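Which chain is which? The protein sequence lines are B and S, in order. Once you know that position 192 of the first sequence is 779 in the working numbering, the rest is easy, because the numbers rise by one and skip nothing. Once you know that position 67 of the second sequence is 341 in the working numbering, the rest is easy, because the numbers rise by one and skip nothing. Below is one structure, written out as structure tokens, with a few remarks after it.
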Amino acid sequence: MENIIAPENLVYKKPTLLNDTDMHYCPGCSHGVVHKLIAEVIEEMGIEEKAVGVSPVGCAVFAYKYIDIDWQEAAHGRAPAIATAIKRLWPDHLVFTYQGDGDLACIGTAETIHALNRGENIAIIFINNAIYGMTGGQMAPTTLMGMKTATCPYGRQADLHGYPLKITEIAATLEGTCFVSRQSVHSVAAIRKAKRAIRQAFENSVNRRGSSLVEIVSTCSSGWKKTPIEANQWMEEHMFEYYHLGDLKSL
Amino acid sequence: MNITTMAEQEILLMKGNEAVAHAAIRCGCDGYFGYPITPQSEILETLAAEKPWETTGMVVLQAESEVASINMLYGGGGAGKRVMTSSSSPGVALMQEGLAYMAGAEIPGLIVNVQRGGPGLGTIQPSQGDYFQATRGGGNGDYYLIVLAPSSVQEMADFVDLSFELAFKYRIPVMMLSDGVIGQVMEKVILPPFKPRRTEEEILHQCPWATTGRRGGHPINVITSLELQPEAMEKHNIHLQAKYDEIRKNEVRVEETLIEDAEYLIVAFGSAARIAQKSIDDLRAQGIRVGLLRPITLWPFPYNRIRELSASMKGILTFEINAGQMVEDVRLAVEGRTPVCHYGKMGGIVPTPDEVCQQLISNFNIK
Chain B
588 MENIIAPENL VYKKPTLLND TDMHYCPGCS HGVVHKLIAE VIEEMGIEEK AVGVSPVGCA
648 VFAYKYIDID WQEAAHGRAP AIATAIKRLW PDHLVFTYQG DGDLACIGTA ETIHALNRGE
708 NIAIIFINNA IYGMTGGQMA PTTLMGMKTA TCPYGRQADL HGYPLKITEI AATLEGTCFV
768 SRQSVHSVAA IRKAKRAIRQ AFENSVNRRG SSLVEIVSTC SSGWKKTPIE ANQWMEEHMF
828 EYYHLGDLKS L
Chain S
275 MNITTMAEQE ILLMKGNEAV AHAAIRCGCD GYFGYPITPQ SEILETLAAE KPWETTGMVV
335 LQAESEVASI NMLYGGGGAG KRVMTSSSSP GVALMQEGLA YMAGAEIPGL IVNVQRGGPG
395 LGTIQPSQGD YFQATRGGGN GDYYLIVLAP SSVQEMADFV DLSFELAFKY RIPVMMLSDG
455 VIGQVMEKVI LPPFKPRRTE EEILHQCPWA TTGRRGGHPI NVITSLELQP EAMEKHNIHL
515 QAKYDEIRKN EVRVEETLIE DAEYLIVAFG SAARIAQKSI DDLRAQGIRV GLLRPITLWP
575 FPYNRIRELS ASMKGILTFE INAGQMVEDV RLAVEGRTPV CHYGKMGGIV PTPDEVCQQL
635 ISNFNIK
């Protein structure tokens with residue numbers, strides 16, 4: 588058996604940019620998988636010396652603790668403005684933001700729309716789990732109709748709360764975006780597709796082809812009060828019905 | 275005519291706002307991010323007309339809001355670049371969140387506030403009503419900005435480079451607290467000599483903390499104001515306070531006029547100090563021995579110098595174009611050694627030199 592452990596037999600390894608710090612994410616959360624994909628893509632592109640990430644306020648606030656590149660931690664919603672300046676001032680760099688639904692589609696809507704509309708050469712990775720995870724499960728702009736959260740305990744209703752925001756669809760209509768895609772990481776096949784989309788977005792940033800947005804429809808088993816397996820099933824049954832997976836725009 | 279290519283020592287006539295823009299291009303500024311608001315829009319307009327991206331490579335961007343502008347400063351300054359924004363009072367109010375984050379994360383940057391009257395939307399006329407906001411830290415937490423108060427178009431030009439030097443020396447946001455008078459008035463100015471933008475190598479050398487990418491296995495840099503461990507957060511705050519003490523020790527700047535034999539003192543900054551210049555001349559002509567102290571740094575404030583002078587003064591008049599804000603600092607400095615009174619107007623009214631003279635005479639019963 589011992590002979591099996593040899594470099595030529597290695598079929599999978601943790602990307603070296605993903606360090607050994609214990610992640611604070613809950614079991615079943617999609618963040619860890621997406622972090623790994625980002626680390627893999629940066630490593631495969633060989634651009635760790637020119638990569639700058641901007642982390643959000645929300646569950647991914649500590650993204651900078653896990654991926655060994657330079658990071659800036661943004662005020663809530665402001666990551667696209669911060670990334671705008673970094674990319675304009677260091678135009679050869681890969682500059683990306685990593686944001687949740689509250690950060691990107693609620694408090695930071697203006698920064699998101701305008702950075703994308705200006706065609707800033709940045710990549711935005713958007714984690715949409717339809718809930719505020721970090722603060723304990725409150726309603727998000729992307730919370731589905733009828734879905735229960737701490738601040739819509741009887742379910743989201745249009746007359747009280749308005750409708751779930753499809754900001755990725757809006758992004759696809761903007762002249763400044765060159766690549767807009769919605770993916771998920773609930774299966775091996777989905778993870779591979781998500782990785783391809785992240786790679787495309789990152790290459791667009793480096794090659795200054797315009798703005799890219801990759802939404803990852805994600806689970807929040809703690810916020811949804813489900814086991815990790817149930818959360819994945821619930822996402823497939825409900826989230827994908829409203830948030831259709833696939834490329835919305837690829838120029 | 276391209277002003278920026280003219281002879282360096284040539285005397286030009288321009289607005290304070292225009293001088294800021296030309297000085298920025300000349301002193302190696304890497305990026306300007308701003309949103310239009312009266313009475314300072316000429317700064318962005320001048321930069322847009324000058325197209326420095328074609329000459330020095332300076333980035334000029336009209337942002338979607340002041341909130342975005344200040345966060346662009348966070349990003350650019352955090353990446354080691356000389357970046358600036360400008361706005362006026364209500365716009366600067368919007369920036370307070372970002373300023374607190376910059377202070378916490380120790381990010382250098384320049385914010386020019388060409389003040390107008392408030393509160394709220396207020397007026398587009400000049401005011402010095404943002405003194406408290408600028409000197410007390412308008413955002414959350416224990417922090418200060420370095421605050422420079424230009425009182426002429428020349429200082430609008432000269433303080434741009436000074437602000438960047440201080441900002442990078444101490445890793446702190448620096449505010450130029452100007453007002454609608456200084457921003458809009460046209461005066462003679464000699465623009466600063468050209469200074470090239472720092473090279474990539476110079477930035478990597480001077481800003482080892484910046485998020486420039488991990489060149490050659492450089493340790494990871496993270497720009498953040500967040501720390502959940504109270505012990506670590508306390509340590510960071512103690513570090514910030516030690517830095518502020520260092521700035522208090524090194525960077526107080528004042529201008530004194532006719533102080534030597536003065537029995538009365540006027541304390542005024544920015545455009546009010548320009549008005550008071552005329553007042554002290556007129557008062558001297560009447561035989562009243564009065565001097566003028568103009569704080570150039572509003573933070574750090576010249577407490578020690580005012581305390582020293584207060585011992586030999588019969589009275590101190592603080593003159594500001596507001597309801598009386600800096601007067602609180604003057605009283606803190608004087609500690610009751612001599613009477614201190616305030617004169618000022620609000621709502622965009624700019625007092626005349628005569629009014630200041632009358633106030634001094636009547637407040638201190640000068641016969």
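Every residue, glycine too, gets a C-beta built ideally from N, C-alpha and C. Keep in mind that this is a model prediction, so the values were computed, not measured.
With H, G and I counted as helix, E and B as strand and the rest as coil, what does DSSP make of residue i?
{"i": "Gln458 (chain S)", "result": "helix"}
{"i": "Gly720 (chain B)", "result": "coil"}
{"i": "Asp416 (chain S)", "result": "coil"}
{"i": "Phe638 (chain S)", "result": "coil"}
{"i": "Asp655 (chain B)", "result": "coil"}
{"i": "Glu802 (chain B)", "result": "strand"}
{"i": "Met449 (chain S)", "result": "strand"}
{"i": "Lys836 (chain B)", "result": "strand"}
{"i": "Asn791 (chain B)", "result": "helix"}
{"i": "Ser586 (chain S)", "result": "coil"}
{"i": "His616 (chain S)", "result": "strand"}
{"i": "Met822 (chain B)", "result": "helix"}
{"i": "Arg769 (chain B)", "result": "strand"}
{"i": "Val648 (chain B)", "result": "helix"}
{"i": "Thr320 (chain S)", "result": "helix"}
{"i": "Ala638 (chain B)", "result": "strand"}
{"i": "Met726 (chain B)", "result": "strand"}
{"i": "Thr312 (chain S)", "result": "coil"}
{"i": "Gln599 (chain S)", "result": "coil"}
{"i": "Phe543 (chain S)", "result": "coil"}
Quick check: is the beta carbon of residue i nearer than 8 Å to any beta carbon in chain S?
{"i": "Val628 (chain B)", "result": "no"}
{"i": "Leu676 (chain B)", "result": "yes"}
{"i": "Tyr719 (chain B)", "result": "no"}
{"i": "Gln686 (chain B)", "result": "no"}
{"i": "Ile754 (chain B)", "result": "no"}
{"i": "Val648 (chain B)", "result": "yes"}
{"i": "Val639 (chain B)", "result": "yes"}
{"i": "His701 (chain B)", "result": "yes"}
{"i": "Trp821 (chain B)", "result": "no"}
{"i": "Ile669 (chain B)", "result": "yes"}
{"i": "Ile711 (chain B)", "result": "no"}
Express the C-alpha separation of residue j and residue i in angstroms, rounding to a whole number.
{"i": "Pro613 (chain S)", "j": "Pro576 (chain S)", "result": "18 Å"}
{"i": "Arg522 (chain S)", "j": "Trp573 (chain S)", "result": "8 Å"}
{"i": "Ile497 (chain S)", "j": "Gly352 (chain S)", "result": "6 Å"}
{"i": "Met275 (chain S)", "j": "Ala293 (chain S)", "result": "Caution is warranted here: a pLDDT of 43 is assigned to Met275 (chain S), below 50, making its placement in the model unreliable, and no coordinate value can be reported."}
{"i": "Arg705 (chain B)", "j": "Glu762 (chain B)", "result": "8 Å"}
{"i": "Leu583 (chain S)", "j": "His680 (chain B)", "result": "54 Å"}
{"i": "Phe649 (chain B)", "j": "Ser642 (chain B)", "result": "7 Å"}
{"i": "Val775 (chain B)", "j": "Asn791 (chain B)", "result": "24 Å"}
{"i": "Gly331 (chain S)", "j": "Glu534 (chain S)", "result": "48 Å"}
{"i": "Thr755 (chain B)", "j": "Leu800 (chain B)", "result": "7 Å"}
{"i": "Arg795 (chain B)", "j": "Ile709 (chain B)", "result": "8 Å"}
Give me whichever residues DSSP pairs with residue i in a beta bridge.
{"i": "His701 (chain B)", "result": "DSSP, once it has assigned bridges, lists no residue as partnering His701 (chain B)."}
{"i": "Pro569 (chain S)", "result": "S:Val528"}
{"i": "Tyr685 (chain B)", "result": "B:Ile712"}
{"i": "Pro400 (chain S)", "result": "S:Arg390"}
{"i": "Leu358 (chain S)", "result": "The question names Leu, but residue 358 (chain S) in the sequence shown is Met. The partner list for Met358 (chain S) (beta bridge, DSSP) reads S:Tyr306 and S:Leu384."}
{"i": "Ile285 (chain S)", "result": "S:Ile464"}
{"i": "Thr581 (chain B)", "result": "With chain B running from 588 to 838 in the structure shown, residue 581 (chain B) is simply not present."}
Establish whether the CB of residue i and some CB of chain B are separated by less than 8 Å.
{"i": "Val388 (chain S)", "result": "no"}
{"i": "Ser437 (chain S)", "result": "no"}
{"i": "Asn345 (chain S)", "result": "yes"}
{"i": "Glu338 (chain S)", "result": "yes"}
{"i": "Val357 (chain S)", "result": "yes"}
{"i": "Tyr417 (chain S)", "result": "no"}
{"i": "Tyr500 (chain S)", "result": "This sequence places Leu at residue 500 (chain S); Tyr is not what is there. Taking Cβ atoms only, chain B reaches closer than 8 Å to Leu500 (chain S), which makes this a yes."}
{"i": "Gly308 (chain S)", "result": "no"}
Quick one: list the residues of chain D neighbouring residue i, beta-carbon separation under 7 Å, in chain order.
{"i": "Arg488 (chain S)", "result": "Annotation note: the requested chain D is absent from the structure, which comprises protein chains B and S."}
Any 3 or more C-beta pairs closer than 8 Å across the stretch 458-473 of chain S and the stretch 318-325 of chain S: no
Any 3 or more C-beta pairs closer than 8 Å across the stretch 368-380 of chain S and the stretch 684-692 of chain B: no
Segment contact flag, the stretch 605-623 of chain S with the stretch 552-563 of chain S, C-beta cutoff 8 Å, min 3 pairs: no
Cβ pair count under 8 Å reaching 3, the stretch 514-531 of chain S against the stretch 398-411 of chain S: no
Validate contact between the stretch 670-682 of chain B and the stretch 499-511 of chain S using beta carbons, cut 8 Å, 3 pairs: no
The stretch 646-666 of chain B in contact with the stretch 725-741 of chain B per 3-pair CB rule at 8 Å: no
The stretch 419-428 of chain S in contact with the stretch 439-457 of chain S per 3-pair CB rule at 8 Å: yes
At least three beta-carbon pairs within less than 8 Å, the stretch 829-837 of chain B to the stretch 309-318 of chain S: no
Contact between the stretch 801-810 of chain B and the stretch 756-772 of chain B (3+ Cβ pairs under 8 Å): yes
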